[in-house]
Amino acid sequence: RCPVPVGPRTASALPRSSCGLQPIMASTPAPGPGDARSKPMACSADASNQLSLASRVAVDLISAGAASLCVAPFITVVDRSIVENASGRRELWTGVRQGAAQFAFTPHKAFMLPEFRWVWGLYWNTYATANTVDTACQQLGVDPRLPKFAIVTIVNMTHCIAKDRFLTRTFGSSAVPRPLPLMSYLLFAMRDSLTIAASFNAPKIVSQWLQDKHAVAKSTADTTSQLACPCAVQFVSTPLHLLGLDIYNNPVSSPAGRALVVRRFYLESALARIGRIGPAFGIGGVGNTFFRDKLTSYLSPPDR
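Reading the sequence shown from the start, the letters are residues 434 to 737 in this note's numbering.
Have a look at this one:
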């Protein structure tokens, strides 16, 4: 039996957010065994479903690109500033001000920076993967939570670690870039695992808790949890990030020296990373949902 396509009346049942993880199961009553039109309807549905699926995947990819473009400039500035601050090249807030000015006054140059392309590509890959996994799970009628977490984790961590490798080697303390130590890779992977879990899985749990225990409206609970969860986890993951940077910047430092570096840069780096993660998985996620909903509504065929 071929899957039933999502029609124009079910367009609003598309995921509210790539970070929201609502399981979507579009279904309509199947024709009975005695219905003489069962087979012709199935064939027609299959052709329509293929067209609908292609359109939905296109919406997924375009929405991901637009949402990533909205947040990548700010994230680029913060990411570079944190790395430069940890290496001693430039103070964090000085880097943020100068980087923001570059995007504001010379955007044609800023958008050509390799660090911007790395960041935009990272979030396009993340949003596009989350969107298309949602679409595939909806098409198959399965809960998207586990496949989304597994697949998005692989895609996001691979690209994010590659991006951080580039930033660390380009803006770190060494005049001549060195290979990134294995321990830095492992620490970055642990950091990203926490961020992904807090951004793609925790919001649903927190939203349900807000609805059940505090009688918060579903839309408010969804938005609040989507913004709060990825921000809160930064207080736990920031030490891992700073330690990974310090292992590269100061390869012969003692454990006490590394603890001192983490303590010194912890608060400002955590706040900067909250400012970075909030747009990435909060505002960017909301934007991703907005573009998906609008494009889906625009491309849906009118009722006949």
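Virtual Cβ for every residue (Gly too), placed ideally from N, Cα, C.
Contacting residues, own chain, Cβ-Cβ under 7 Å from residue i (five flanking each side not counted)
i: Y618; result: I594
i: L627; result: V666, V669, S670
i: P580; result: V566, C570
i: V490; result: T565, T568
i: Q800; result: Because the chain here runs from 434 to 737, residue 800 falls outside it and cannot be looked at.
i: G554; result: H592
i: R691; result: L676, D679
i: Q483; result: The predicted model places Q483 with a pLDDT of 39, which falls under 50 and marks its position as unreliable; any figure quoted below should be read in that light. Hits under 7 Å: none found.
i: A622; result: M590, I594
i: V492; result: R725, L728, T729, L732
Neighbour-count burial assignment, residue i, 16 or more Cβ in a 10 Å radius
i: H541; result: exposed
i: A469; result: Any reading at A469 needs caution, since the residue's pLDDT is 36, under 50, leaving its predicted position unreliable; the model's value is listed next. Exposed.
i: I680; result: buried
i: M590; result: buried
i: T539; result: exposed
i: L447; result: The predicted position of L447 is uncertain, since its pLDDT is 36 and thus under 50; no value can be drawn from it.
i: S730; result: exposed
i: F724; result: buried
i: Q572; result: buried
i: H647; result: exposed
i: R624; result: buried
i: T722; result: buried
i: I515; result: buried
i: S687; result: exposed
i: K637; result: buried
i: L693; result: exposed
i: A689; result: exposed
i: A703; result: buried
i: A534; result: exposed
6 Å CB neighbourhood of residue i in its chain, flanking five on each side removed
i: P610; result: R602
i: E517; result: R523, G528, F604
i: G717; result: A500, V504
i: V649; result: L643
Residue nearest to residue i in terms of C-alpha spacing, selected from the options
i: I584; options: F599, Q572, T559, L600; result: T559
i: F582; options: T729, S702, V719, A635; result: A635
i: T657; options: V695, A648, K646, S640; result: S640
i: G521; options: A497, G574, M590, S607; result: S607
i: R513; options: L728, G532, L620; result: G532
i: E701; options: A689, L675, L643; result: L675
i: D597; options: P577, V575, A631, F549; result: F549
i: P506; options: S496, A630, F536; result: F536
i: R706; options: G677, A689, C664; result: C664
i: M616; options: S632, L673, V575, F633; result: L673
i: R530; options: F621, V510, C662; result: V510
i: L728; options: S496, A487, L486, A631; result: S496
i: I587; options: A689, A630, V695, L546; result: A630
i: A519; options: D726, L704, F698, A703; result: F698
i: F738; options: L600, L620, F599, P577; result: A question about residue 738 goes unanswered here, because the residues of the chain that appear run from 434 up to 737.
Other residues of its chain near residue i: CB distance less than 8 Å, five sequence neighbours each side excluded
i: P614; result: I680, Y681, P684
i: I508; result: V552, Y556, R709, P712, A713
i: L494; result: A561, N564, T565
i: G720; result: A499, A500, C503, V504
Worksheet entry | alpha helix (DSSP H) runs contained entirely in the region 577-659, provided each spans 4 or more residues | Note on the region 577-659: whole alpha helix (DSSP H) runs with a minimum of 4 residues are 578-604, 615-629, 635-647, in chain order.
Discussion item. I'd like the ranges of any alpha helix (DSSP H) spanning at least 4 consecutive residues and lying wholly in the region 694-732.
Written reply: For the region 694-732, whole alpha helix (DSSP H) runs of length 4 or above, ordered along the chain, are 717-732.
Worksheet item: Where are the beta strand (DSSP E) runs, 3 residues long or more, that stay fully inside the region 537-569, in chain order?
Response: Listed in chain order, there is nothing to give.
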